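Residue numbering for the sequence shown follows UniProt numbering, starting at 1 and increasing by one per position. Don't be surprised by glycine CBs; every beta carbon is placed ideally from N, CA and C. Keep in mind the model is a prediction, meaning the values are calculated, not measured. Below is one structure, written out as structure tokens; comments come after it.
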Amino acid sequence: MSNALFADSPAKGLVCRNCNATYDLVAQHACWQCFGPLEVDYDLDELAKVTREQIEAGPQNIWRYAPLLPVGVHPEDRVSLNPGLTPLIDAVHLAKALGMRKLWVKDDSANPTHSFKDRVVSTAVSAAVKLGFERFACASTGNLANSVAAHAARAGVPSIVFIPSDLEPGKVVQSAIYGGTLVAVEGSYDDVNRLCSELTETDDFEKTAFVNVNIRPYYAEGSKTLGYEVAEQLGWRLPEQVVVPMASGELLTKIHKAFEEAAEIGLTEPGKVRVFGAQSAGCSPIADAFDAGTDVITPVKPTGIAKSLNIGDPAAGPYAIEACRSTGGGMAKVSDDEIRDGVKLLAATTGVFAETAGGVVVATLRKLLESGQLDPEAETVIYNTGEGLKTLDAVSSLVGPTHTVKPSLKAAKEAGFLQS
């Protein structure tokens, strides 16, 4: 019955990443046999029927890729703010500053709630409605809460979002303004996520779709559009290198998956994209495991200014490590000061004001170049996943007026900036 709900989808079921056990397209995120994570399994023959021309004729948002996703083939089945087709910026001046030949910035702060989370929430809540859920929910470090609350408001569906109580004020306001229920939990994101996992098992939440818990397989697939989109915007070719921020590690794994699928089904020429992961030193369990030569993640207690990346026990960490190693990529972690410098450098060279996660990516890019891990001659794409106005506190003490003058021509001339 559940697969019948997705009859026009190329998805044929769910499959365990660890043991390959298969399941119907239901609201389930963990394997009953080995407790491994589930992801959507596709009929590759159906995916291979999708053409560039078909995609290019589609809507100007992520739903142009609906034939490659588990949901949304029919417009009436979409619950969405219509995110996607965000700018791919030719970062000429940033490339020059870093000594690179060709660098692009994929700027997902241009989405409706100003982060990439609109992509994953659109696919998740579209699946949730098909599966009969009546309320949207999430555990969030901020951006996801913003997006879930906004999608619920657009759809006329109740929402309840859970956040750590020490979240940045901008993200708290943006979550609350949509009128849903906002629950601040006294603890870390991992505490919030644990609570939400427990709530999914209660009768009170039987009809509630936690987008990143009980319907996580559908949620994660939305991130693939960040891979498809870059390939399309580059003229249906793959970049040589990408740098992706990591919290759970899922975004990196799905971008990697999209590049592989695009080549496999003929949307692009065959090729391997070297994948690099970026973390804050205040929460770097994936990068630490990579450096140690293991795929065993040791949970940490998050600190630091990059709160949107502060997941101390990242579920997809081992798969992110596998993606980087298998492509000849790598990982690095950067300090709070390096993150702030990254935010400022990106803004000063591209006009993009990124949240702290974007600063992590730019600082990591610089560190990878300095260590020789990343090739400055290779065409590179870096991902900015959120808007800087959400994390003003991180840089507000570092910037301000360069001059303060009285309102007269004489004062302006004496200040000296007219000659600068």
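#1: Within 10 angstroms of its Cβ, does Val-173 collect 16 or more other Cβ (buried), or is it exposed?
#2: Quick check on the DSSP output: the alpha helix (DSSP H) that includes Gln-233 runs from which residue to which?
#3: Mapping the DSSP letters down to three states, classify Tyr-23 as helix, strand or coil.
#4: In whole angstroms, what separates the C-alpha of Cys-34 from that of Thr-294?
#5: Are the C-beta of Arg-237 and some C-beta of chain C separated by less than 8 Å?
#6: Which whole-angstrom value describes the C-beta separation of Thr-349 and His-114, a residue pair presumed to lie in contact below a C-beta threshold of 8 Å?
#7: Could you have a look at Tyr-178 and say whether DSSP puts it in helix, strand or coil?
#8: For Pro-407, which three-state DSSP category applies?
#9: Is DSSP giving Asp-393 helix, strand or coil here?
#10: When you compare each of Tyr-218, Arg-237, Ile-163 and Gly-271 to Lys-307 by their alpha carbons, which one comes out closest?
#11: From Val-399 to Gly-271, what distance separates their C-alpha atoms?
#12: Spell out a yes or no on whether the stretch 100 to 118 and the stretch 257 to 276 are touching, meaning 3 or more CB-CB pairs, one atom from each, closer than 8 Å.
#13: Helix, strand or coil for Asn-3? Go by DSSP, reduced to three states.
#14: Can you list, in chain order, the residues of its chain whose CB lies under 7 Å from that of Ser-9, leaving out five sequence neighbours each side?
#15: For the alpha helix (DSSP H) containing Gln-279, name the first residue and the last one.
#16: By the 10 Å Cβ neighbour count, where 16 or more other Cβ atoms means buried, how is Arg-396 classified, buried or exposed?
#17: Once you ignore the five residues that flank Lys-224 on each side, which residues in its own chain have a CB closer than 8 Å to its CB?
#18: Alpha helix (DSSP H) containing Thr-253: first to last residue?
#19: Pro-164 bridges to which residues according to DSSP?
#20: Rounded to a whole number of angstroms, what is the C-alpha to C-alpha distance between His-151 and Leu-409?
#21: Any contact between the stretch 136 to 152 and the stretch 45 to 52? By contact I mean 3 or more CB pairs, one from each, below 8 Å.
#22: Once DSSP output is grouped into helix, strand and coil, what is the label at Arg-135?
#23: Which same chain residues end up closer than 6 Å to Val-144 when comparing Cβ atoms and leaving out the 5 residues on each side of it in sequence?
#24: Would you mind stating whether Pro-239 and Val-381 have Cβ atoms separated by less than 8 Å?
#25: Tell me which residue opens and which closes the beta strand (DSSP E) that Ala-332 is part of.
#26: Reducing DSSP to helix, strand and coil, say where Gly-170 ends up.
#27: How far does the alpha helix (DSSP H) with residue 444 in it extend, from its first residue to its last?
#28: Does the distance from the CB of Asn-384 to the CB of Ala-347 come in under 8 Å?
#29: Output the distance between the C-alpha atoms of Ala-281 and Leu-5, rounded to the nearest integer angstrom.
#30: Among the candidates Ala-263, Pro-318 and Val-273, whose CA atom is the shortest distance from the CA of Ala-287?
#31: Would you report the Cα separation of Ile-160 and Ala-184, rounded to the nearest angstrom?
#32: Measure the alpha-carbon distance for Asp-24 versus Gly-351 and round it to whole angstroms.
A quick look at the data gives this:
#1: exposed
#2: 225 to 233
#3: strand
#4: 20 Å
#5: Here chain C cannot be found, since the structure has a single protein chain.
#6: 20 Å between Cβ atoms; not a contact.
#7: coil
#8: coil
#9: helix
#10: Ile-163
#11: 42 Å
#12: no
#13: helix
#14: Pro-70, Val-71 and Val-73
#15: Segment 274 to 280 is the beta strand (DSSP E) holding Gln-279; no alpha helix (DSSP H) there.
#16: Note on residue identity: the sequence assigns Ser, not Arg, to residue 396. Looking at its Cβ environment, which holds fewer than 16 other Cβ atoms inside 10 Å, Ser-396 is exposed.
#17: Tyr-65, Leu-68, Leu-69, Lys-254, Ile-255, Lys-257, Ala-258 and Glu-261
#18: 250 to 264
#19: Val-185
#20: 50 Å
#21: no
#22: strand
#23: First, the residue type needs correcting, since residue 144 is Leu and not Val in the sequence shown. Same-chain partners within the cutoff: Lys-117 and Cys-138.
#24: yes
#25: 330 to 334
#26: helix
#27: Any property of residue 444 remains undetermined from this structure, which presents the chain solely from 1 to 420.
#28: no
#29: 44 Å
#30: Pro-318
#31: 11 Å
#32: 46 Å
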